[in-house]
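Q: If you scroll down you'll find the structure; I have some questions about it.
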Amino acid sequence: MAREQKDNHKGGILKTTGKALLLICLTAGAFYLGWHFYTMRNSETMVCLTMMSEDGLYIYQYQAAGDAPDPSENGGNGSNDGSDGGSSAGGEDNEIPEAYPHWGFVSFGSRVHVTGVSGDRVALEDIYTYPQEKVVVELVIGPDEKIARISQIPESFVIRGEVESSDDGTVHISGIQYITGEELDFQWEQGDLVEVYGAGDEIIYAELLDKAGILQIVANVEGAKVFVDGAYKGEAPVTIYTAPGYKEIMAKAPGYKTTTTQAMVGAGQLSEVPVELPLVTGTVEVTSNPPGADVFVNHELKGTTPVSIHLPPGDYQVSVEKSGYYSKKTNLRVAQDTSTPLHFNLVAESTGISPIGGATPGLPSQEAQVPGTRMTVLGYDPDSRVLEVMDSNRVKSKLIVPGDVPLDNFPSGRASWDKVLPGEEIAVVASASGYVEKATKTYSHTFTASGKVFARDGQVLNIGDGWTRCLMSPNVLIQRRPDNTLVRNVDVGDTVTAYGTSADDIRYVVVQESLGLKSAFEGYLVNTDGGQKVFSESALLPVSIPGAIDVVDLDNKVTDKASAVPSGSRLKFHQDSEGKIVWAEYIWKAEVSLEGQIGIMSGPVLTILPSWDEATLSVNTTVFLGETRRPFYDVKTGDTVLVAGPSQVDTRFIWIKERISYDRTVEGFMGGGEGRNRRVFTEVDRKGYVTQWVVDTGFTVVDTKHNKHMLASQLNNGDKVRLWLGAGGKPVWGEMVAPNAINLSGHFLREKDGYYYFSGLEKFEASEDLIITGLFKDEELRPGSRVHVGGDGKYVNYIEVQELVEFAKYKPLVEGTVISVDKNALTIMTSSSWLEHYELSNNTWYVDWEAGVDGYADELDTGDEVEIYLDPDRKKAVFIERTYSPRFRVEGTVTGVSGRAFTISGDYGTVRVELRSGAGIYEDGRRIHYGDIEEGDKIHVSGSSADSIYLVVVTP
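The opening position of the sequence shown corresponds to residue 1369 in the numbering used here, with each subsequent residue numbered one higher.
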């Protein structure tokens, strides 16, 4: 019964305990759910622009609840407004900097969840890689008005470009449309250069980098179409607002030559640019014998011979008429920018001689008194004696030349049939069966030019290494070897011989060798370690460039081998039927071709290392990263690049050979070495915490203030630098923050009244962020320690302890008078007249504060009164303060003794001294009586004067 009651009692206790536990769990769960619901309901989630500080984030256009300012005290919150619209939440000591109005401060919560683009947890330094970096993130601010979550979002962007237009909440920047946020108060003005931040397609922050300039373009042809940097801007006259910088302006109009010019537009300045479009024409120089004939072009009277007629390019019929003479006419083609000579020999109606042929371009004035029909020779075969000819109507025929028919030469003499060349002219009398009965050579070539055709412009050829200018006549014959076929064109790269009366009257061109050009394309030629590559406007082209091909420089009338072309030049490449590149010419030659790392980016201006040359990019600069086309603004400090263009202010091509890749940036001081290629770097984070680690020193450090760069191995200890760290914490780039202007190596002497004293009694005030390296946790900087000091010249911010002295824990300080001193040891007389011996190191230092001197301990002298700091073994003097130095000191040989008076002689002469009562007299480390001093002894005496000597040391 008792057992049963006991069991029932025990079961009741268990039930009660279970109910209590269940109630506790339900209460805790309800509290958690309630708190979670409260937190969710009272938390604020936003996408915003942020900057990191030590204890929280600055948030653009953020205002904590309840902190709304009085509108009467705040002039607005536009991003280009100077009013102070900042607020603070949870951080009373974090005032908004004057440089950043409209930013609110929010402190970090006790536990902040930070995620990267992938959603994985990351460190804050992975998002905010350098001080005052602006980053668009998603924030969650809890009910306590502190940051609970920071999430990096993949659709965020930062764009630098030119404002093209804005309307009803949208803005076009560099060809892309964006939505402007509702709270964004920014004056969008066409042509301004801006930097914008946002997410998706919405801009939430904008910053003005440069005001637009005004470009006013006028042309001599009203309505000419105007293009600026390749973009159509309207018809002349036109005024546009555009970003500052170098601009290329092009104007086009039908019937006029396309004209390009350049202009530099300054911020907020008006640039007036006149453009002159020349009329597109060719010239026909018409002469006749006799002169005074009326000239008709397409039946329209144009003047009387001699006359120059300017005509648009095209085909024309030209005829001449003169009373008493037969009229003549011919057809010709007028080419752009060429002058075509056209001569007519008129035949008098009374002579009874029929006109021969038609026009004779280039023929000197003379009367044609030759019987027969004038023919142009196409070819002659001496074996078959077949003569191929063409009449004035361009009708071809073949005639047989009997062996007994000579070739007369007008006006006299004979010519050889075997030496007749195509393009020469013969007056032929032929039988109906096609046999030549009489032949007279009326025109012979008197000019010839041979070589490769380096350029062709209409009817003008530039031939040979001398670039001989040859103008082909409208009826020129072009014959291609080896099949001797007549063709219509001569191509660049062809090897030719041109014949005529002069360089301005080429009648016949024979093509000995042709490259067989079939197609052409343009691209940027880039020299790489793996050979030459060609980039189009959008991709790397799969073409091979023979290094031996000629590249023609039309402006300078020279040729370069492809291997000698400045890297980045834009060329026009010609291919043959097999797709091989056989010829090339410059579109523009890279007068600026810079390779190296980008040291500084200042707006559109890049500074390239190691030359420190500047180059200016624009929205039309073609940029490639490896083999991929990138936007013009996608270049970064530290990128290894090729920059090319016609001039420094006109960069048209950038190839990013190697993109700088880093995970984070750190700031700190460069310290002493860990071997020749490694040094200790002391990192100082935003909260002032210090971390030391070893870095390799083969990376570049840029000093942007002094336009110089160096390897990290060349830095001074104490230089303050910012490092870009890549994989594994390896530095890939560095920037000088503040060079060590003090750069002092020596000994620390003392700290007093906020000042630190060093060798040479150099005195510097301690900066608020002073860092002392080389000490363990419980160690402190002691006088006599060897150090390297850094700072700006007034303040010391870096002390590197290179050798720390240690003092004895028990009675570290002894006082006495120096008896003797050398490089390795010091002997003093203590106040009790005992002699003490202490070791000296090479670095033992002394200071005399009253005298204002310091130096190595072996520079002390007999009689100096000193305080010596001893090492823990009390055997070595590690630092010495001299408290008194005798005003009188002399060393020499005793030449006279009289009680306490002695006569001492030396190089200085003779001096009499007298010992005061109680003076210490020492010889060989023991004290002796003054009566033991004899003439001939060498002694050193010290005292306040010659009559008050308190120390005598007899020296060996």
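By construction, the Cβ of each residue, glycine as well, lies at the ideal position given by its N, Cα and C atoms. Quick caveat: nothing in here was measured; it's all calculated off a predicted structure.
Taking the beta carbon of Ile1544 as the centre, do at least 16 other beta carbons fall within 10 Å, making it buried, or is it exposed?
A: Label assigned to Ile1544: exposed.
Q: Between Gly1623 and the rest of its own chain, which residues show a CB-CB distance below 7 Å, the 5 nearest in sequence each way excluded?
A: Result list for Gly1623: Leu1647, Val1648 and Pro1680, in chain order.
Q: For Ala1592, which beta-bridge partners are listed by DSSP?
A: Partner(s): none; Ala1592 has no beta bridge.
Q: Run through the DSSP bridge pairs and tell me what Lys1806 is partnered with.
A: DSSP, once it has assigned bridges, lists Val1797 as partnering Lys1806.
Q: Identify, in the order they occur along the chain, each residue of the same chain with its Cβ nearer than 8 Å to the Cβ of Gly2159, setting aside the five sequence neighbours on each side.
A: Contacts found: Gly2086, Asn2108, Ala2109, Ile2110, Phe2132, Ser2135, Asn2165 and Tyr2166.
Q: Which runs of the alpha helix (DSSP H) spanning at least 4 residues fall entirely within the region 1549-1636, listed in chain order?
A: As far as the region 1549-1636 is concerned, it has no whole alpha helix (DSSP H) run of at least 4 residues.
Q: Would you list, in sequence order, the uninterrupted beta strand (DSSP E) runs of no fewer than 3 residues that lie entirely inside the region 2235-2319?
A: You should have 2244-2252, 2256-2266, 2269-2274, 2277-2291 and 2306-2313.
Q: On a Cα-Cα basis, can you pick out the residue from Arg1848, Gln1847 and Ser1818 that is closest to Thr1836?
A: Looking at the Cα atoms, Ser1818 is the closest of the given residues.
Q: If the criterion is Cβ atoms closer than 8 Å, does the pair Thr1706 and Val1589 meet it?
A: Against a cut-off of 8 Å, the Cβ pair of Val1589 and Thr1706 comes out as no contact.
Q: So who's on the other strand from Gly1876, going by DSSP bridges?
A: The sequence as given places Tyr at residue 1876; Gly does not occur at that position. Tyr1876 is bridged to Leu1845 and Tyr1867.
Q: Ends of the alpha helix (DSSP H) at Glu1668?
A: Taken as a continuous stretch (DSSP letters only), Glu1668 belongs to no alpha helix (DSSP H), being part of the beta strand (DSSP E) at Glu1668 to Thr1672.
Q: What three-state label does DSSP hand Gln1431 in the structure shown?
A: Gln1431: coil per DSSP, three-state reduction.
Q: What residue from Asp1749, His1942 and Tyr1954 has the CA that sits closest to Ala1932's CA?
A: Minimum Cα distance to Ala1932 is reached at Tyr1954.
Q: Using beta-carbon positions only, say whether Gly1899 and Phe2021 come within less than 8 Å of one another.
A: Taking 8 Å as the Cβ cut-off, Gly1899 and Phe2021 do not qualify as a contacting pair.
Q: Classify Tyr2057 as buried or exposed, calling it buried when 16 or more other Cβ atoms lie within 10 Å of its own Cβ.
A: By the 10 Å Cβ count, Tyr2057 comes out exposed.
Q: For Val2246, I'd like the list of residues in its chain whose CB is within less than 6 Å of its CB, leaving aside the five on either flank, ordered along the chain.
A: So the qualifying residues of the chain are Gly2152, Val2173, Tyr2237 and Asp2239.
Q: Could you have a look at Glu2051 and say whether DSSP puts it in helix, strand or coil?
A: Of the three classes helix, strand and coil, the one that applies to Glu2051 here is strand, per DSSP.
Q: Where does Phe2144 land, buried or exposed, given buried means 16+ other C-beta within 10 angstroms?
A: Exposed: under 16 other Cβ atoms inside 10 Å.
Q: Leaving aside the five residues before and after Leu1767 along the sequence, list all residues of the same chain whose C-beta is less than 6 Å from its C-beta, in chain order.
A: Answer for Leu1767: Leu1755, Ala1798, Gly1802 and Val1804, listed in chain order.
Q: Do Asp2053 and Lys2098 have their beta-carbon atoms positioned less than 8 Å apart in this structure?
A: No.
Q: Would the region 1520-1534 and the region 1554-1564 be scored as touching if the rule is three or more Cβ pairs under 8 Å?
A: Taking 8 Å as the limit for Cβ pairs, the verdict is that the region 1554-1564 does touch the region 1520-1534.
Q: On the DSSP letters alone, give me the boundaries of the beta strand (DSSP E) that Asp2137 sits inside.
A: Counting along the chain, the beta strand (DSSP E) containing Asp2137 begins and ends at Glu2130 to Thr2141.
Q: Could you compute how far the alpha carbon of Thr1483 sits from the alpha carbon of Gly1477?
A: Roughly 15 Å separates the two Cα atoms.
Q: Pull up the CB-CB distance for Thr1610 and Gly1581, whole angstroms please, since I reckon it's below 8 Å.
A: Between Gly1581 and Thr1610 the Cβ distance is about 6 Å, and since that is below 8 Å, they are a contact.
Q: Assign Glu1946 to one of three DSSP states: helix, strand, or coil.
A: Glu1946 falls in the coil class under three-state DSSP.
Q: Can you tell me whether Ser2127 is helix, strand or coil according to DSSP?
A: If DSSP states are grouped into helix, strand and coil, Ser2127 belongs with the helices.
Q: Looking at C-beta atoms only, is the number of pairs between the region 1409-1422 and the region 1493-1510 that lie closer than 8 Å three or more?
A: Contact between the region 1409-1422 and the region 1493-1510 is present, because at least three Cβ pairs lie under 8 Å.
Q: DSSP on Trp1785, reduced to helix/strand/coil?
A: It is helical.
Q: For a minimum of 3 consecutive residues, which ranges assigned as the beta strand (DSSP E) are wholly contained in the region 1510-1548?
A: Qualifying beta strand (DSSP E) stretches, in chain order: 1515-1520, 1524-1535, 1538-1541 and 1544-1548.
Q: Identify every run of the beta strand (DSSP E) within the region 2077-2130, keeping only runs that are complete inside it and at least 3 residues long; order them along the chain.
A: With a minimum length of 3 residues, the continuous beta strand (DSSP E) runs that stay inside the region 2077-2130 are 2088-2093, 2099-2106, 2112-2120 and 2123-2126.
Q: Suppose you measure from the CA of Glu1640 to the CA of Ile1571; what does that come to, to the nearest Å?
A: Taking the straight line joining both Cα atoms gives about 34 Å.
Q: Using the beta-carbon count (16 or more within 10 Å), is Tyr1546 buried or exposed?
A: So Tyr1546 counts as buried.
Q: Distance check for Arg1849 and Val1950, CA to CA, integer angstroms please.
A: For Val1950 and Arg1849, the distance between alpha carbons rounds to 19 Å.
Q: Could you pull out every unbroken beta strand (DSSP E) segment of at least 3 residues lying fully inside the region 1734-1766, listed in chain order?
A: With a minimum length of 3 residues, the continuous beta strand (DSSP E) runs that stay inside the region 1734-1766 are 1741-1749 and 1754-1758.
Q: In or out: Met1632 buried (at least 16 other Cβ within 10 Å) or exposed?
A: By the 10 Å Cβ count, Met1632 comes out exposed.
Q: Which term fits Gln1630, buried or exposed, when burial requires 16 or more other beta carbons within 10 angstroms of its beta carbon?
A: Exposed, because fewer than 16 other Cβ atoms sit within 10 Å of the Cβ of Gln1630.
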